[in-house]
Every structure is written in C-alpha cells, then in structure tokens.
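Protein chains in written order, with this note's numbering: chain A, 1 to 202; chain B, 1 to 129; chain C, 1 to 282.
Cβ coordinates follow ideal geometry from the N, Cα and C atoms, glycine included.
The structure presented is a predicted model; accordingly, all values stated were derived computationally and were not measured.
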Amino acid sequence: MPLVRKPSSPTETPASDGRTVSEQLISGSDDERWAAARSTYLLQDALPLLTAALSKEPVARVREAIFTALAKIGSAESAAVTIPYLRSDDAAQRTLALDALRAMPEASAQLLPGLLKDVDADVRLLACEIARALPANDASRLLAELIGSEQNANVCAAAIEVLAETGDAESLPILDRCAARFPEEPFLAFAIQIARDRIGSR
Amino acid sequence: MSDYSKKRILVVDDAALVRTYYRSALEAHGFAVEEALNGLEGLEKVLLQPFDLVIVDVNMPQMDGVTFLHTLRAKELPISGIPALVTSTEAGIQDMAAARRAGANFYLVKPIKQETLAEYAAILCGAAR
Amino acid sequence: MDDTPQITEDEFRRLADFLYRRTGMVFTETKRYYVERRISERIVATSSQSFAGYFAYLRSEIRNEVEHLINAFTVNETYFYREDHQLACLSSDLLKERISGKRPGDTIRIWSVPCSTGEEPYSIAIWLLENWKDVDAYDIEIVGSDIDTRVIEAAVEGTFGKRALMKLSSELIERYFHELDNERWQILDDLRQSVRFSRVNLIETKETRPQGRFDVIFCRNVLIYFDDESRRVAAENLYDNLLPGGFICLGHTESMSRISPLFEVCRYSGAIVYRRPKELRA
Numbered sequence: 001m002p003l004v005r006k007p008s009s010p011t012e013t014p015a016s017d018g019r020t021v022s023e024q025l026i027s028g029s030d031d032e033r034w035a036a037a038r039s040t041y042l043l044q045d046a047l048p049l050l051t052a053a054l055s056k057e058p059v060a061r062v063r064e065a066i067f068t069a070l071a072k073i074g075s076a077e078s079a080a081v082t083i084p085y086l087r088s089d090d091a092a093q094r095t096l097a098l099d100a101l102r103a104m105p106e107a108s109a110q111l112l113p114g115l116l117k118d119v120d121a122d123v124r125l126l127a128c129e130i131a132r133a134l135p136a137n138d139a140s141r142l143l144a145e146l147i148g149s150e151q152n153a154n155v156c157a158a159a160i161e162v163l164a165e166t167g168d169a170e171s172l173p174i175l176d177r178c179a180a181r182f183p184e185e186p187f188l189a190f191a192i193q194i195a196r197d198r199i200g201s202r
Numbered sequence: 001m002s003d004y005s006k007k008r009i010l011v012v013d014d015a016a017l018v019r020t021y022y023r024s025a026l027e028a029h030g031f032a033v034e035e036a037l038n039g040l041e042g043l044e045k046v047l048l049q050p051f052d053l054v055i056v057d058v059n060m061p062q063m064d065g066v067t068f069l070h071t072l073r074a075k076e077l078p079i080s081g082i083p084a085l086v087t088s089t090e091a092g093i094q095d096m097a098a099a100r101r102a103g104a105n106f107y108l109v110k111p112i113k114q115e116t117l118a119e120y121a122a123i124l125c126g127a128a129r
Numbered sequence: 001m002d003d004t005p006q007i008t009e010d011e012f013r014r015l016a017d018f019l020y021r022r023t024g025m026v027f028t029e030t031k032r033y034y035v036e037r038r039i040s041e042r043i044v045a046t047s048s049q050s051f052a053g054y055f056a057y058l059r060s061e062i063r064n065e066v067e068h069l070i071n072a073f074t075v076n077e078t079y080f081y082r083e084d085h086q087l088a089c090l091s092s093d094l095l096k097e098r099i100s101g102k103r104p105g106d107t108i109r110i111w112s113v114p115c116s117t118g119e120e121p122y123s124i125a126i127w128l129l130e131n132w133k134d135v136d137a138y139d140i141e142i143v144g145s146d147i148d149t150r151v152i153e154a155a156v157e158g159t160f161g162k163r164a165l166m167k168l169s170s171e172l173i174e175r176y177f178h179e180l181d182n183e184r185w186q187i188l189d190d191l192r193q194s195v196r197f198s199r200v201n202l203i204e205t206k207e208t209r210p211q212g213r214f215d216v217i218f219c220r221n222v223l224i225y226f227d228d229e230s231r232r233v234a235a236e237n238l239y240d241n242l243l244p245g246g247f248i249c250l251g252h253t254e255s256m257s258r259i260s261p262l263f264e265v266c267r268y269s270g271a272i273v274y275r276r277p278k279e280l281r282a
C-alpha cells in the first residue's frame with residue numbers, strides 16, 4: 001500500500017543564528033522579521049520594539065504580525081500604539097489598526113471615549129465600530145452621546161449602524177433628534193428608520 | 001435564485017444598513033444584487049459568480065476597498081475587467097487618488113443618494129436606459 | 001401544538017445581521033422558521049427570558065454562546081468522506097499544483113487539524129489511494145492533530161461505527177477496514193500506521209511550529225469559533241505551517257473573510273480554497 005511509510009520526524013525549525021529577536025525584527029529577511037514580530041510580545045521591552053518596528057516595516061504581513069503582537073499584549077499602551085495608524089492615508093493601514101483594536105476589546109474600551117471625540121471625522125467613524133464590541137448598554141450610551149453633537153453625517157451613520165444592534169428605548173429620542181438635524185440626508189433617514197424598527201421591537 | 005437576465009451588481013460594504021439602502025435602490029431599478037462585507041468576501045464572490053459591476057467601499061475590515069481593487073485587477077480576464085465604483089467618506093480625498101491608481105472606474109462620496117447610485121450603476125454596467 | 005415563541009421580523013434581521021457579520025452565514029426570510037426553532041432552543045438552554053435577553057447574552061461572548069449558536073446551524077457530525085467535494089478538489093486540482101515543483105519520490109505533506117476521531121485524515125488517505133493517479137509516485141505523509149487527547153487516542157485506534165462509514169461503499173469498507181464483532185470496523189493496520197497523530201492547540205505557536213510545513217491543510221469548522229485575537233494567532237500559525245504556494249481548506253460555511261487577510265483567495269472546481277502566496281524570487 002503506497003501510503004505506508006515510516007512517518008518522518010517533524011521538520012526541525014531552522015537553528016537560530018545567534019541574533020536576538022529584537023535584531024531580527026529590524027534586520028532579518030521577510031520571514032525572519034515575521035517570525036520575530038510573532039515572538040516579540042514575550043520580551044520585557046516589547047512595546048518600544050514593536051512601536052519602532054511598525055514605523056519602518058514595509059511588508060504587509062509583517063505589519064499584520066506586529067499588530068497581532070500588540071493585540072496579544074492587549075494593554076491600553078499597546079492599543080495607544082495603534083491609534084496613529086487609524087489616521088493613515090493608506091486604507092490598508094487603517095484596516096490593520098482597526099482590526100488590531102477589535103482584537104483587544106478591553107484595552108480599546110479604555111481609549112474609546114477619547115476616540116469618539118477625535119478631531120478627525122474618519123477616526124470618530126472608525127471608533128463607532130470599536131464600540132460594537134462593548135456591552136450593549138455602554139455602546140449605546142457612548143454612541144448616543146456622540147450622535148447628540150455630531151455634525152458629520154457619515155459619522156452619525158456609522159454610529160446608527162451599531163445602535164441598530166445595541167440600542168434600547170433610551171436611544172430613540174436621540175435618533176429622532178438626529179433625523180431632524182439632517183433633513184437633507186435621505187440615507188440617514190433610511191438608517192434611522194431601520195434602527196428605530198429594530199430597537200422598537202424589544 | 002439568481003436572475004441572469006438582469007445586470008448583476010456586487011455591493012461590498014461592511015455596514016449592513018448601507019448595503020440594504022443600496023440594494024433597495026438598485027433592485028428598484030431592475031438590477032440583481034449580491035452583497036459582501038469586506039474585500040476578501042468580495043473577491044470570493046467575484047470568483048464564484050459573474051458580475052457586471054462592483055460597488056466597493058474603502059474602509060472595511062480584513063481587506064479594504066483599495067486592496068480589493070488591486071487584487072481584482074491583478075486577476076485574469078474577465079474578472080479583472082469588472083467595472084468598479086468606489087465609495088468613500090468625504091474626508092478621504094487621498095482615497096480618491098488611491099482608488100484611481102488601483103483601477104476604479106468611478107468614485108462617489110458618501111452619503112450617496114439612491115438616484116445617484118442607480119444612475120451611475122446603470123452607466124457603468126452599460127445597462128440600457 | 002408548536003410552542004416555538006415567535007420572533008419578530010426585526011429581531012430575526014438583527015440576529016441574521018449579527019451572524020452574517022460574525023460568520024458569513026446568510027439567513028434569508030425563507031429560513032425564518034428554521035432559525036426560530038434553533039433560537040428557541042438556545043433561549044431555553046440559556047434560561048433567557050426573551051429574545052432581547054438572549055441577544056444581549058449572545059453579544060457578550062460569555063461562555064462562548066456564539067459557538068453554541070453556530071453549532072445549532074451546522075452539522076457537526078464527523079464521518080468518512082464528509083464534504084468530499086474538497087477531497088475531489090484535492091486530487092483533481094490542488095495536488096497537481098503542488099507537484100509541479102516536485103520530482104517523483106518527493107514528499108507531499110497533508111495536515112488535518114482538528115482531526116477529531118480520525119475520519120478526516122483516514123478519508124484523505126483512502127480518497128487518494130482510490131482517486132489520485134499519482135498516489136504511488138510521491139511519498140505522502142498525512143498528519144492528524146487535535147487539542148483533545150481522547151479523540152486522538154480514538155483516532156489512533158481507528159475503530160468506527162456504521163454511521164461514520166455511511167458514505168462509503170461496501171467495496172471501500174471491505175478494502176480498507178476489517179469488521180470487528182460488534183458492528184464496528186477498524187481501519188487496516190497498514191493504513192492506520194501510515195497516518196501520524198499528534199496533540200496540538202492551534203493557538204499555541206510552540207505546538208504548531210514543530211509539525212513542520214505542509215502542502216495542504218484541512219482546517220474545517222474550528223477557526224470560526226475563536227475570538228478575534230485567537231483567530232488571528234491561529235491563522236498566523238497555519239500560515240507558518242504552509243509551504244509557500246500551499247493550500248488551506250476551511251469548512252464549507254466558513255470564510256477567511258471573517259478570519260485573516262494573510263491568504264490569497266483562489267477558486268478550484270467551483271470551490272473557494274486559500275493559498276499561502278508563493279515566494280516572489282524566481
């Protein structure tokens with residue numbers, strides 16, 4: 001029977017060449033930097049190492065691994081490292097940063113109130129998605145507060161998208177006021193109606 | 001299930017309310033609509049079914065719209081040639097340039113009115129008026 | 001008398017949106033009754049007072065209710081030749097790609113993780129022996145791994161009941177199993193010994209790394225249950241365990257779009273398969 005064979009011993013991982021993880025993080029090959037990024041979170045000074053690496057790293061999957069390492073650390077400080085990348089002009093960077101924050105919900109929750117007040121409308125918009133991971137009451141409260149004063153229609157829309165899932169009876173008057181504030185925005189009227197229906201069904 | 005006599009549009013946006021809004025506008029104008037929640041799911045759908053147009057947002061989890069477009073255009077014909085209408089929030093002027101470089105055929109700034117969407121969708125997929 | 005509590009259309013849509021976002025599974029209006037039945041079971045099982053209470057519980061990710069809910073919608077039974085369209089894809093497309101860079105006698109490594117009680121890795125072995133014309137030309141190593149040592153032990157023993165064999169023809173059963181006394185069949189020794197089993201936690205890099213790199217990985221119906229962080233780590237581990245250009249197949253209701261951007265999306269034989277990018281150098 002052709003499949004019968006002595007199973008090989010599992011492939012040995014390549015022997016270390018003596019460079020430290022932190023050295024490989026900066027100066028290794030793509031594969032070496034990727035592997036180094038994945039094990040850096042164990043180091044004492046992981047955070048400054050990862051922060052520095054992220055600022056220079058050109059290869060997408062190494063950046064992804066650095067963001068995963070930040071998520072594994074999962075502290076308010078590691079979440080803070082990802083925040084500047086939410087402002088990036090590069091959509092792929094924004095996606096990496098947002099996905100990393102989603103993977104560390106407790107840490108993100110601490111930063112969320114600040115993000116929802118950020119001067120950059122796109123950051124506020126992305127922050128609404130992070131609110132989705134919070135318990136429904138907390139999410140609804142924060143988003144209602146945002147909607148109450150938000151001038152940007154797209155940010156309101158992002159908040160309403162999440163409120164349709166998390167909102168309760170207290171959210172309804174805020175939605176009504178938002179509809180009144182944006183009479184020229186048919187998408188918002190549409191979204192608010194759906195959110196009202198979903199919330200009202202409780 | 002699928003109606004191949006109609007023009008087929010794939011709507012790629014991570015907001016369920018946006019997809020629903022576009023779907024209601026496009027279906028009212030006679031298009032068949034499929035949905036995807038991010039660029040990766042969008043790629044899966046275009047690989048499995050034919051489409052006359054993709055409407056794709058920029059900010060999405062896992063794979064953003066610009067990356068989706070780059071990847072789409074790097075595939076083989078006919079998939080690589082699907083017309084693409086990119087949508088984004090107004091602040092993202094950089095997004096417009098990036099979308100054009102990635103191979104977008106047109107760009108609309110959100111929020112988008114239903115009539116506008118249907119009009120450009122019809123033009124981009126060559127639907128008879 | 002049907003006691004199924006009615007959920008409203010809006011409640012149904014709220015749940016459907018949540019599940020679609022989380023898993024990619026689509027529930028249209030036609031599936032409404034089917035969904036209601038299963039939601040009712042979960043509402044009772046979690047002692048929730050109402051759909052609203054249940055939905056809040058679901059969102060909170062306490063005790064992995066999402067996993068229980070997903071399980072309610074998927075067939076979890078393992079049996080031989082389950083999702084055999086993927087096995088067909090393996091022999092007709094994936095291996096053809098993999099051998100283009102290999103010479104006869106080279107090794108092909110295939111990983112089944114989680115392997116549960118062994119139906120999947122043994123199915124791969126039997127399928128290739130039956131359906132792949134080049135099966136004799138290469139050195140095929142099949143590895144089955146699972147986090148649960150009890151199922152590993154059962155897989156090593158290789159004994160199965162009628163239900164597990166239900167998709168196999170009597171010829172196949174006769175060819176690859178011998179019947180024990182009590183309506184159970186055991187995989188022939190030769191085949192049993194040609195599959196290697198190991199205990200592995202997909203989230204632990206120090207456990208996945210030593211398994212080495214594979215040409216094809218079957219990782220069905222496990223990733224979608226992990227939380228966001230674990231999913232990323234598991235996906236990176238699986239990437240690490242693939243040779244450049246190697247393939248990974250998920251369960252038919254699963255998608256990398258809910259898991260990780262690391263893999264390329266490909267279509268073979270009408271199915272979606274994911275691939276670690278080939279190296280760029282010539």
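{"Item": "If we count Cβ pairs, one from each stretch, closer than 8 Å, do we get three or more for the region 239–258 of chain C versus the region 134–144 of chain C?", "Value": "no"}
{"Item": "Just checking C/T253 against the ligand GTP - is the residue's beta carbon closer than 6 Å to any of the ligand's heavy atoms?", "Value": "Absence of the ligand GTP from the depicted structure is noted, as is the absence of any ligand whatsoever, leaving it without description."}
{"Item": "Which two residues bound the contiguous alpha helix (DSSP H) that contains C/C249?", "Value": "It is not in any alpha helix (DSSP H) - C/C249 instead sits in the beta strand (DSSP E) that spans L242 to C249."}
{"Item": "Count the CB pairs spanning the region 143–151 of chain C and the region 111–119 of chain C that are closer than 8 Å, and state whether there are at least three.", "Value": "yes"}
{"Item": "Could you give the first and the last residue of the continuous alpha helix (DSSP H) run that contains C/E207?", "Value": "T205 to T208"}
{"Item": "Tell me the DSSP secondary structure of A/C156 in three-state form.", "Value": "helix"}
{"Item": "Check each candidate in A/N154, A/A37, A/E64 and A/C128 and name the one with the smallest Cα separation from A/L163.", "Value": "A/C128"}
{"Item": "Could you tell me the alpha carbon to alpha carbon distance between B/R8 and A/S75, rounded to whole angstroms?", "Value": "45 Å"}
{"Item": "With a CB to CB cut of under 7 Å and the five nearest residues on each side skipped, what residues in its chain are close to A/A109?", "Value": "L134"}
{"Item": "Rounded to whole angstroms, what's the CA-CA distance from B/K110 to C/Y20? Just pull it up for me.", "Value": "23 Å"}
{"Item": "From C/D228 to C/I259, what distance separates their C-alpha atoms?", "Value": "8 Å"}
{"Item": "Restricting to Cα atoms, I'd like to know which of B/P78, B/N38 and B/V56 is closest to B/Q49.", "Value": "B/P78"}
{"Item": "When you compare only the Cα positions, how much space is there between B/A122 and A/L25?", "Value": "50 Å"}
{"Item": "Quick one, which residues of the region 10–35 of chain C are near chain A if we go by CB-CB under 8 Å, in chain order?", "Value": "D10, E11, R13, R14, D17 and F18"}
{"Item": "Could you please give me the residues that DSSP links to B/T67 through a beta bridge?", "Value": "In DSSP, B/T67 forms no bridge with anything."}
{"Item": "Can you tell me where the alpha helix (DSSP H) with B/Q114 in it begins and where it stops?", "Value": "Q114 to L124"}
{"Item": "Any idea what DSSP makes of C/T28, helix, strand or coil?", "Value": "coil"}
{"Item": "Is C/E36 buried or exposed, if buried means 16 or more other CB atoms sit within 10 Å of its CB?", "Value": "buried"}
{"Item": "Would you decide whether C/L262 is buried or exposed? Buried here means 16 or more other CB atoms lie within 10 Å of its CB.", "Value": "buried"}
{"Item": "Could you name the residues of chain C that A/T40 contacts, counting a contact when the two beta carbons are closer than 8 Å?", "Value": "Neighbours of A/T40 on chain C: none; closest Cβ ~12 Å, over 8 Å."}
{"Item": "I need the straight-line Cα distance from C/R98 to C/Y54, nearest angstrom please.", "Value": "47 Å"}
{"Item": "Compare the C-alpha of C/R232 against each of A/R102, A/L47, A/A52 and A/N152 and name the closest.", "Value": "A/R102"}
{"Item": "Using 7 Å as the limit for Cβ to Cβ distance, is C/D228 near chain A?", "Value": "yes"}
{"Item": "For the beta strand (DSSP E) containing B/A84, name the first residue and the last one.", "Value": "A84 to T89"}
{"Item": "Do A/A69 and A/L86 come within 7 Å of each other at the CB atom, strictly closer than that value?", "Value": "no"}
{"Item": "Secondary structure at A/T68, three-state DSSP: helix, strand or coil?", "Value": "helix"}
{"Item": "Got a sec? Which residues, its chain only, sit under 6 Å from A/T51 by beta carbon, not counting five neighbours each side?", "Value": "V81"}
{"Item": "Per DSSP, A/S22 is paired with what?", "Value": "Paired residues: none, contrary to the question."}
{"Item": "When we look at the beta-carbon of C/S257 and count the other beta-carbons within 10 Å, is it buried (16 or more) or exposed?", "Value": "buried"}
{"Item": "Give every residue of the same chain whose Cβ lies closer than 7 Å to the Cβ of B/P61, excluding the five residues on either side of it in the sequence, and list them in chain order.", "Value": "D14 and N38"}
{"Item": "Please list the partners that C/V265 has in chain B, where partner means a Cβ-to-Cβ separation under 7 Å.", "Value": "L40, L43, E44 and L47"}
{"Item": "Roughly how many whole angstroms lie between the Cα atoms of B/E76 and B/G103?", "Value": "14 Å"}
{"Item": "Shorter than 7 Å from the beta carbon of B/V11 to some beta carbon of chain A?", "Value": "no"}
{"Item": "Are there 16 or more other CB atoms within 10 angstroms of the CB of A/Q193, so buried, or fewer, so exposed?", "Value": "exposed"}
{"Item": "Can you give the Cα-Cα distance for A/N203 and A/G167, rounded to whole angstroms?", "Value": "Nothing can be reported for residue 203 of chain A, as the shown portion of chain A is limited to 1 through 202."}
{"Item": "Let me see if you follow: with CB-CB separation under 7 Å, is C/Y202 close to chain A or not?", "Value": "Correcting the residue identity first, residue 202 of chain C is Leu in this sequence and not Tyr. Judged by the 7 Å Cβ criterion, C/L202 is not in contact with chain A."}
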